[in-house]
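Which chain is which? The protein sequence lines are S and F, in order. Using the working numbering, read the first sequence as starting at 15 and increasing by one per residue. Using the working numbering, read the second sequence as starting at 1091 and increasing by one per residue. First comes the structure, then the notes that go with it.
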Amino acid sequence: MKDFNYHSAKDSKEASKLASSSSAFLAGGMTTIPSMKLGLATYKDLIDIKNIKKLSGIKVSGKSVTIGAATKHVEVSNSKDVKKAIPSLSSLAEGIGDPQVRNRGTIGGSIANNDPSADYPSACIALNATIHTNERKIEAAKFFKGMFETALKKGELIEAIEFQIPEKSSYQKHPNPASRYAIVGVYVAKHKADVNVAVTGAKSCVYNDKEMSKALSGNFSSSSIDGIDLDSSEMNTDMHASAEFRASLVVTQAKKAVDAC
Amino acid sequence: MGKISLEVNGRKFEKEAPDNTLLSTFLREHLQLTGTHIGCDTSQCGACVVHVDGNSLKSCTALAADVNGSKVTTIEGLETNGKMHPMQEAFKKLHGLQCGFCTPGMVMSAVDLLQKNKKPSDTEIRDWLEGNICRCTGYQNIVAAVKEASTKM
């Protein structure tokens, strides 16, 4: 791994002041460090944000669950408050990677990285999340821009993610048996006004499947999406699954999620 | 370069190390604690698992600077007065290893499991060991060893 300067920031202000075009924020480092070791990414400065107290912790109000960006997956999965308010979010966190990843990886890191197969982006879309940064609030629907791309600007730091508590929800994934990343993951959330069907792993970026959302908003039953033939032309094909298989998995997982609600 | 202060297996160490030093490198090359193995070096195999402040992590995927000031336990820190830890005993008794390369990480991960779940089921053991890869044993004896240790700890 190429050399860099390590900084530990005290607060968001110091972190964004240290940021430059050749720096990265370091949270759990579950993607950043392997990418640097493999030479896929190089930075002059790594700005550790884990020690910023304000960025960790979970708050539940009547309508929302707000999770600090540097909160670890294990803290989300162990939180009784999260389990009570949004059980599907708790079980999503429990299914990320392996125990060592969950002991270290953070929700903010996962979202900022926006891996096309990551779990948390689907939760943000399904649960109408608001991403709070040190500069502004961004709706999840406008946050995930494309493969590994987000609306974040240089030096902009995620501080917290605010999830809307749904009436019912479930996250179902068909995991890669080795990495536990989603080959396809579907997060279904029924809100008062509508239903979101957030899909991860299938395309280059997480998305809300409009066709299934519409069908389920009319009739929240797995039979209403039974037999839907999704267009696979934009879906990923790799050694694990073909685009056609992914299209079929999306419907299967969505039906499972609706039934589990 | 920066100063790294760690308490490893109950002993305090303070050493200068370049900022890009991984915890695994720091343990092996700066402290000569070579019981922590580096297998895949891409955070998949788990041979490098150690405990930091009571939780298991893959030391090849953490910077030494990143865990500065923490308490670290490595495989060398499990024995007491020359007596093996019950998990090590169980791995030995039930042949939970063949070549032994993955064993330090497997044992450290399993000890962390039993700290959090005293009586895990076979499924819970297998789920927990998701991040530890063994290419010799086929896992049966490893799971049996963890189960055995759970009756002794």
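In this text, a Cβ means the ideal position worked out from N, Cα and C, and glycines have one as well.
Give me the DSSP bridge partner(s) of Tyr185/S.
The sequence position of residue 185/S within the first sequence is 171, counting from 1. Looking at the DSSP output, Tyr185/S bridges to Tyr201/S.
What's the call for Glu170/S, buried or exposed, on a 16-neighbour Cβ count within 10 Å?
The count along the first sequence starts at 1 and reaches residue 170/S at position 156. Buried, by the Cβ-count rule.
Neighbour flag for Val1236/F against chain S, beta carbons, 8 Å:
Locating residue 1236/F in the second sequence gives position 146, where the first residue counts as 1. No, no contact with chain S.
Sort Ile197/S, Ser37/S, Ile179/S, Ser105/S by Cα distance to Lys204/S and report the nearest one.
One-based indexing of the first sequence puts residue 204/S at position 190. The shortest Cα separation from Lys204/S among Ile197/S, Ser37/S, Ile179/S, Ser105/S belongs to Ile179/S.
Any beta carbon of chain F sitting closer than 8 Å to that of Asn117/S?
Here residue 117/S is taken as the residue at index 103 of the first sequence, counted from 1. Chain F, which has a Cβ nearer than 8 Å to the Cβ of Asn117/S, makes this yes.
Tell me the rounded alpha-carbon separation between Ser1149/F and Ser262/S.
Here residue 1149/F refers to the residue found at position 59 of the second sequence. Here residue 262/S refers to the residue found at position 248 of the first sequence. Just so you know, the alpha carbons of Ser1149/F and Ser262/S end up roughly 39 Å apart.
For Met253/S, does the count of other Cβ atoms within 10 angstroms reach 16, so buried, or fall short, so exposed?
Working through the first sequence from its first residue, we reach residue 253/S at position 239. That one is exposed.
Is Ala346/S helix, strand or coil by DSSP?
Outside the shown range of chain S, which is 15 to 275, sits residue 346/S, and nothing can be said about it.
Just the C-alpha distance for Phe195/S and Ser236/S, rounded to the nearest angstrom, thanks.
Along the first sequence, read from residue 1 onward, the residue named residue 195/S stands at position 181. Along the first sequence, read from residue 1 onward, the residue named residue 236/S stands at position 222. Sequence inspection shows Tyr at residue 195/S; the Phe mentioned does not correspond to that position. CA-CA distance, Tyr195/S to Ser236/S, rounds to 25 Å.
CB contact below 8 Å: Pro1194/F versus chain S
As a first step, residue 1194/F is located in the second sequence; it is residue number 104 there, counting from the start. For Pro1194/F, the answer is no, since every Cβ of chain S falls outside 8 Å of its Cβ.
Between Ala126/S, Ser238/S, Gln114/S, Val96/S, which lies nearest to Ala165/S when the distance is taken from Cα to Cα?
The count along the first sequence starts at 1 and reaches residue 165/S at position 151. Among Ala126/S, Ser238/S, Gln114/S, Val96/S, the Cα nearest to that of Ala165/S is on Ala126/S.
First through last residue of the beta strand (DSSP E) which encompasses His1141/F
The count along the second sequence starts at 1 and reaches residue 1141/F at position 51. Here the beta strand (DSSP E) through His1141/F covers 1139-1142.
Excluding five sequence neighbours on each side, which residues of the same chain lie with their C-beta closer than 7 Å to the C-beta of Ala274/S?
For this step, residue 274/S is matched to residue 260 along the first sequence. Result list for Ala274/S: Ser184, Gln186, in chain order.
Option nearest Ile81/S by Cα separation, candidates Leu141/S, Tyr57/S, Leu54/S, Ser22/S
Position 67 of the first sequence, counted from the first residue, corresponds to residue 81/S. Looking at the Cα atoms, Leu141/S is the closest of the given residues.
Rounded separation between Ser102/S and Glu1104/F - CA only
On the first sequence, residue 102/S is found 88 positions in, with the first residue counted as 1. On the second sequence, residue 1104/F is found 14 positions in, with the first residue counted as 1. One C-alpha to the other measures close to 44 Å.
Strictly under 8 Å for the Cβ-Cβ distance: is Phe18/S near chain F by that measure?
Looking up residue 18/S in the first sequence gives position 4. Yes, its Cβ sits closer than 8 Å to a Cβ of chain F.
Test: Val1233/F CB closer than 8 Å to a CB of chain S
Looking up residue 1233/F in the second sequence gives position 143. Not closer than 8 Å to any Cβ of chain S, the Cβ of Val1233/F fails to qualify, so no.
Given a limit of 8 Å on CB to CB distance, which residues of the stretch 1097-1110 of chain F reach chain S?
Hits within the stretch, in order: Pro1108, Asp1109, Asn1110.
Under 8 Å, do Thr147/S and Ile172/S count as touching if we go by C-beta distance?
Position 133 of the first sequence, counting from 1, holds the residue named residue 147/S. Position 158 of the first sequence, counting from 1, holds the residue named residue 172/S. For the pair Thr147/S and Ile172/S, the CB atoms are nearer than the 8 Å cut-off.
Might you give, ordered along the chain, the residues of its own chain that have their beta carbon closer than 6 Å to the beta carbon of Leu1123/F, omitting 5 neighbours on each side?
Counting from 1 along the second sequence, the entry for residue 1123/F is found at position 33. Within the same chain, Leu1123/F has close Cβ partners Leu1117, Thr1164, Glu1166.
For the stretch 1147-1160 of chain F, list every residue whose C-beta sits within 7 Å of some C-beta in chain S, in sequence order.
Cβ contacts with chain S: Leu1147, Lys1148, Thr1151, Ala1152, Leu1153, Ala1155, Asp1156.
If you draw a straight line from the alpha carbon of Asp59/S to that of Ala1180/F, how long is it in whole angstroms?
What you label residue 59/S is simply residue 45 of the first sequence in a count that begins at 1. What you label residue 1180/F is simply residue 90 of the second sequence in a count that begins at 1. The straight-line gap from Cα to Cα measures roughly 45 Å.
Hey, could you find the ends of the alpha helix (DSSP H) Thr46/S is sitting in?
Within the first sequence, residue 46/S is the residue found at index 32, counting from 1. Where Thr46/S is concerned, the enclosing alpha helix (DSSP H) stretches over 46-51.
6 Å Cβ shell around Ser91/S - same chain, five flanking residues per side excluded:
Along the first sequence, one-based indexing puts residue 91/S at 77. So the list reads Ser104, Ala107, Glu108, once near-sequence residues are dropped.
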